[in-house]
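The next block holds one structure in the form of structure tokens; read it before the comments.
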Amino acid sequence: MPKWLKDAVFYEIYPQSFYDTNGDGIGDFNGIIEKLDYIRGLGCNALWINPCFDSPFKDAGYDVRDYKKVAPRYGTNEDLVRLFDEAHKRQMHVLLDLVPGHTSEEHEWFRMSQKAEKNEYSNRYPWTNFCFEPAKGFPYVGGESERSGVYVLNFFKCQPALNYGFYRIDQPWQLPVDHPDCIATREAMKDVMRFWLDLGCDGYRVDMAASLVKNDDEKKSGTCAIWRNVREMLDREYPEAAIVAEWSEPQQSLKAGFHMDFFLNGGGNGYSTLMRDYENHPDGADHSYFKKDAGGDINAFLKDYLPRYLDTKEDGYFCLLTCNHDTRRPRLGLDIPELKLAYAFLFTMPGAPFLYYGDEIGMRYLDLPTKEGGYFRTGSRTPMQWNEGKNLGFSEGSADDLYLPVDPAPDAPTVSAQENDPDSLLSTVKALLALRHREEDLQADADFAQIQTKAGQPFVYHRGSLVLAINPSGSEQTCSLPAPGEVIFSIGSAKADKNSLTLGAQSFAVIR
């Protein structure tokens with residue numbers, strides 16, 4: 000386990016929407032570099048940058064055309080290396096977004112695999128043996144290549160699946176996972192990883208990490224074997240490099256060699272009940288735990304979270320996030336006081352927390368038309384709101400040229416409006432992250448245990464030797480403490496008296 004992950008707090012950057020320095024309406028690497036001090040000042044000491052490689056951008060960069068070249072709209076390879084260097088000067092680490100399950104249909108590997116004559120890339124992607132032979136059980140495309148066959152997709156039509164083999168063979172065109180050409184795919188992806196690690200990258204967030212081997216079993220045995228092989232390479236050659244899986248099944252991902260996994264938002268899962276419970280009910284009813292007096296129950300989260308955490312806490316970190324580029328922003332359902340409590344919980348739980356750009360100021364989810372395959376996700380990908388100036392400080396370019404529009408509301412939240420307000424959401428985020436860095440018992444590997452989980456009462460939990468309590472309700476609540484203690488941090492009002500704690504409405508406290 001890389002030592003730096005213990006105290007890591009990640010800031011996720013959607014590069015096209017963060018900060019534009021050349022006026023073209025699209026964020027760039029130089030913009031990220033200019034804002035590194037801001038990010039470090041938040042308390043975030045690590046970055047996750049969404050895909051920044053050359054791409055036709057039919058899926059916002061998750062359709063990679065060249066893994067070893069950055070997208071010109073963000074800058075050059077040299078600019079990205081300078082970003083690594085500037086981050087390292089500030090004791091910050093940088094994860095890139097690796098897309099190993101598929102490429103763009105414009106990638107040179109795929110162009111070569113489409114040729115009728117056999118070559119070293121013919122099996123880099125799964126193809127059937129005849130132009131009218133369907134890839135039964137898989138999405139596929141035919142009729143667009145000189146090669147007689149159809150090819151398997153991994154997600155959108157623009158994303159042909161890379162061929163890591165089939166765990167169960169049920170068609171003559173399927174190759175086993177130990178076929179030399181399937182091993183060559185794995186080795187090619189390791190070569191991509193080495194390329195950027197050698198230039199200063201500190202690791203990868205891995206897109207659709209469970210999607211590699213097709214016809215895999217329920218345990219994802221074939222895919223897990225590949226990631227164990229990758230982890231062996233990292234431990235041997237880059238022991239301080241980290242990998243985090245987009246998987247949300249830590250019993251598989253962490254045991255397969257990933258250092259971290261996310262608890263991603265999913266319909267009806269425990270994470271969704273914290274801030275986005277409206278997605279779980281056909282009538283849109285919202286019983287999110289952090290929504291004041293909405294009838295939420297922390298046990299809906301714990302029932303799902305605890306088994307995963309307990310089964311894997313010795314294997315790696317199961318991480319919580321405020322949001323990501325695939326999820327509606329939490330401000331859609333929660334107001335600022337509610338967000339403060341939600342973040343207090345997320346930033347004091349085990350694992351490495353992830354803060355999505357703009358969530359620290361409560362940026363809104365906007366209802367927008369799809370852009371670059373975003374669909375409903377587009378509204379969470381709007382430009383960062385820095386100040387009250389032109390385009391809310393994101394770009395000096397024309398509003399018509401912006402990647403996406405900024406929030407048009409007169410009260411659109413900005414960094415400049417909040418940075419000197421001690422009661423702002425931004426100030427609360429800074430205080431919470433400073434607390435986490437200061438208290439080792441709040442960092443990634445400190446023990447977690449629940450103390451009080453009864454619905455309608457404050458949620459009380461241990462992190463190491465500290466006791467934490469949250470009261471999301473609109474009324475004052477009193478709860479028992481396992482021992483007398485002193486309140487060392489609070490949001491709202493909190494008073495410890497012998498073996499009890501009184502929390503005001505919508506309050507949070509840390510007790511030593």
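The numbering of the sequence shown is numbering that gives the first Met the number 0, which starts it at 0 and goes up by one. Glycine included, every Cβ here is placed at the ideal spot set by N, Cα and C.
Run through DSSP, which three-state label would residue i get?
i	result
Gln170	coil
His87	helix
Leu253	coil
Pro113	Reading the sequence as shown, one finds Gln at residue 113 and not Pro. Coil, per DSSP.
Gln451	strand
Trp47	strand
Arg146	coil
Cys223	helix
Arg204	strand
Asn228	helix
His436	helix
Pro336	helix
Val80	helix
Arg462	strand
Ala244	strand
Trp385	coil
Val212	coil
Leu41	helix
Asp65	strand
Phe52	strand
Ala187	helix
Pro175	strand
Thr347	coil
To which residues of the same chain is residue i closer than 6 Å at the C-beta, ignoring the five residues directly before and after it?
i	result
Arg434	The sequence given here places Leu at residue 434; Arg does not occur at that position. Taken in chain order, the residues that qualify are Phe488.
Gly26	Pro14, Gln15, Ser16, Phe17, Tyr18 and Asp19
Val545	Here the chain covers residues 0 to 511 and nothing more, so residue 545 does not appear.
Val191	Tyr66
Ala454	Asp296
Under 7 Å Cβ to Cβ from residue i, same chain only, skipping five residues before and after it: list those, please.
i	result
Lys156	Val140
Leu319	Phe262, Leu345, Met348, Gly350 and Pro352
Met383	Ser16, Phe17, Tyr18, Tyr356, Gly357 and Phe393
Gly74	Asp27, Phe28 and Asn29
Asp285	Asp276, Tyr277, Ala293 and Gly332
Gly373	Ala59 and Arg380
Ile335	Gly361 and Leu424
His436	Asp6 and Gly42
With which residues is residue i paired in a DSSP beta bridge?
i	result
Ser489	Ala508
Cys478	Leu500
Asn470	Ser506
Glu11	Trp47 and Tyr355
Asp96	Arg204
Tyr163	Per DSSP, none; premise fails for Tyr163.
Tyr139	Val151
Met259	Val243 and Tyr316
Lys494	Thr501
Phe101	Just to set this straight, residue 101 is His in the shown sequence, not Phe. Partner(s): Ala160.
Trp126	Tyr150
So, using beta-carbon positions, are residue i and residue j closer together than 9 Å?
i	j	result
Gly164	His178	yes
Thr427	Ala343	yes
Ala183	Glu119	yes
His92	Ala7	yes
Glu143	Gln113	yes
Asp216	Arg185	no
His101	Phe154	yes
Arg123	Ala224	no
Ile38	Tyr61	no
Asn386	Ala416	yes
Val509	Glu438	yes
Arg204	Trp47	yes
Leu502	Glu475	yes
Gln158	Ser121	no
Leu441	His258	no
Arg89	Leu41	no
Lys513	Ala255	With the chain covering only 0 through 511, there is no way to say anything about residue 513.
Tyr316	Tyr270	no
Arg363	Asp406	yes
What residues in its chain sit with their C-beta under 8 Å from that of residue i, if we drop five residues either side in the sequence?
i	result
Ala430	Phe488
Pro570	Nothing about residue 570 can be reported from this structure: the residues present for the chain run from 0 to 511 only.
Cys51	Pro14, Phe28, Gly60, Val69, Ala70, Tyr73, Leu79, Leu95 and Asp96
Verify the contact flag: residue i, CB atom, against every heavy atom of the ligand MN, threshold strictly below 8 Å.
i	result
Ala398	Of the ligands one can find in the structure shown there are none, so the ligand MN has no counterpart to examine.
Item checked: At least three beta-carbon pairs within less than 8 Å, the region 246-254 to the region 205-219 -> Under the Cβ criterion (8 Å, minimum of three pairs), the region 246-254 counts as touching the region 205-219.
Note to self: With three or more C-beta pairs closer than 8 Å as the rule, is the region 355-362 touching the region 411-418?
What the structure shows: yes
Check: Using 8 Å as the Cβ pair cut-off and three pairs as the minimum, do the region 475-493 and the region 367-385 touch?
Finding: no
Item checked: Contact between the region 379-389 and the region 444-461 (3+ Cβ pairs under 8 Å) -> Because the criterion of three Cβ pairs below 8 Å is not met, the region 379-389 and the region 444-461 do not touch.
Note to self: When you compare the region 234-247 with the region 273-285, are there three or more beta-carbon pairs, one atom per stretch, that lie closer than 8 Å?
What the structure shows: With a cut-off of 8 Å, the region 273-285 and the region 234-247 do not count as touching, because too few Cβ pairs lie within range.
Notebook entry, point to check: Counting pairs of Cβ atoms below 8 Å between the region 465-479 and the region 67-83, do you hit three or more?
Noted result: no
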